[in-house]
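Below is one structure, written out as structure tokens; comments come after it.
In the working numbering, the protein residues as written are 8 to 305.
Have a look at this one:
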């Protein structure tokens, strides 16, 4: 098998659990995912199958989430799975208050990841340290949030906000919820999360675990996307037979007027096959293809 699977991760399972289940179902050892989702989150978990795992770094990096943020509560994990640190009534909080501060979270912003996260400090993952009762000073990092859209507001003693977030990789929505509550001075935590888009894949077209099990049981085709479909944001360079021979030997290919950066390499004649990914770099007399991921074309 060779391709990408638009998988709908269910609640409670870890991303690693989902990969393990897909490996067993497809009887394919080489399965990887394109971005961790917490157990209390559901939604799009892009997976690569077979040699396509080598292409995971080239998936589109933008992600979109629908988050439920509950105000008045602070937890040690920044979501409802953690221990409650503060539990307050904040019925005076209004949507106007929130809309006033939301723009400050747009663009390139500094964010401190949650204590319960997979980031490593001195060779230990933060969640392992947190479970042992050890807190760390986690350095902030720059993340990008390109859009925040209010979807719904439910007032009350601990009001809730439904917020659509479009962001780059590495953004923690739990940290966004925490920081929004801190900015308002009332505290907040993430009460629910659905990833609607990731790696160019949409929730509406995803396949559930139950759906995948049914397809396998009935012997039907697995809906794998080809690299050309999953990586359609990359420019494509088609190689003729002679250039393809040089490509398979890992040779640099001087070709003029190519866009700088990663490009998808395919055969020229049908049926079109993915031959890998190259990095285009400038040279004195034009541009050159430098093989990065090379498939044999079979």
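Here a beta-carbon is modelled for each residue, glycine too, at the ideal position from N, C-alpha and C.
As the structure is a prediction and not an experimental result, all values here were calculated from the model.
Bounds of the alpha helix (DSSP H) holding residue 26 are 22 to 33. Counted as a single uninterrupted DSSP element, the beta strand (DSSP E) harbouring residue 261 occupies residues 260 to 262. Cα atoms of residue 57 and residue 35: separation of roughly 7 Å, rounded to the nearest angstrom.
For residue 16, the enclosing beta strand (DSSP E) has its first and last residue at 10 to 16. Distance from the CA atom of residue 70 to the CA atom of residue 174, rounded to whole angstroms, is 5 Å.
Within 10 angstroms of the beta-carbon of residue 13 lie 16 or more other beta-carbons, which makes it buried. With respect to the C-alpha of residue 271, the residue from 243, 247 and 255 having the closest C-alpha is 243.
Taking residue 181 as the centre and dropping the five residues before and after it, the same chain places the C-beta of 85, 86, 121 and 197 closer than 6 Å to its C-beta, in chain order. In the three-state scheme derived from DSSP, where H, G and I count as helix and E and B as strand, residue 169 is classed as strand. In the structure shown, the three-state DSSP call for residue 95 is coil.
For the 8 Å CB-CB criterion, residue 301 and residue 257 form a contact. In this structure, residue 152 places its C-beta atom within 8 Å of the C-beta atom of residue 112. In the three-state scheme derived from DSSP, where H, G and I count as helix and E and B as strand, residue 179 is classed as coil. Under the Cβ criterion (8 Å, minimum of three pairs), the region 17 to 33 does not count as touching the region 159 to 176. Three or more beta-carbon pairs separated by less than 8 Å link the region 37 to 50 to the region 73 to 93, which places the two stretches in contact. Counting along the chain, the unbroken beta strand (DSSP E) around residue 117 starts and ends at 114 to 118. Residues of the same chain with a CB within less than 6 Å of the CB of residue 94, apart from the 5 flanking positions on each side, are 80 in chain order. Distance from the CA of residue 205 to the CA of residue 213, rounded to the nearest whole angstrom, comes to 11 Å. Comparing alpha-carbon positions, the option among 156, 28 and 284 lying closest to residue 107 turns out to be 156. Judged by beta-carbon spacing, residue 123 lies within the 8 Å limit of residue 133, meaning their Cβ atoms are closer than that value. Taking C-beta separations shorter than 6 Å and ignoring five residues to either side along the sequence, the partners of residue 201 in its chain run 49, 50 and 73, following chain order.
The Cβ neighbour count for residue 82, taken over all protein chains shown within 10 Å, is at least 16; the residue is labelled buried. The three-state secondary structure of residue 123, taken from DSSP, is coil. Ranked by Cα distance from residue 67, the first of 235, 292 and 299 is 235. In the structure shown, the three-state DSSP call for residue 159 is strand. The three-state reading of DSSP puts residue 88 in coil, since its state is none of H, G, I, E or B.
Assigned with DSSP and collapsed to three states, residue 217 falls in helix. Residue pairing by DSSP places residue 285 opposite 270 and 298 in a beta bridge.
The beta carbons of residue 145 and residue 116 sit no closer together than 8 Å. DSSP, read as helix, strand or coil, puts residue 244 in strand. Inclusion of residue 10 and residue 222 in the CB contact set at 8 Å is not warranted, their separation being larger than that value. 260 is the residue among 239, 260 and 37 whose C-alpha sits nearest the C-alpha of residue 246.
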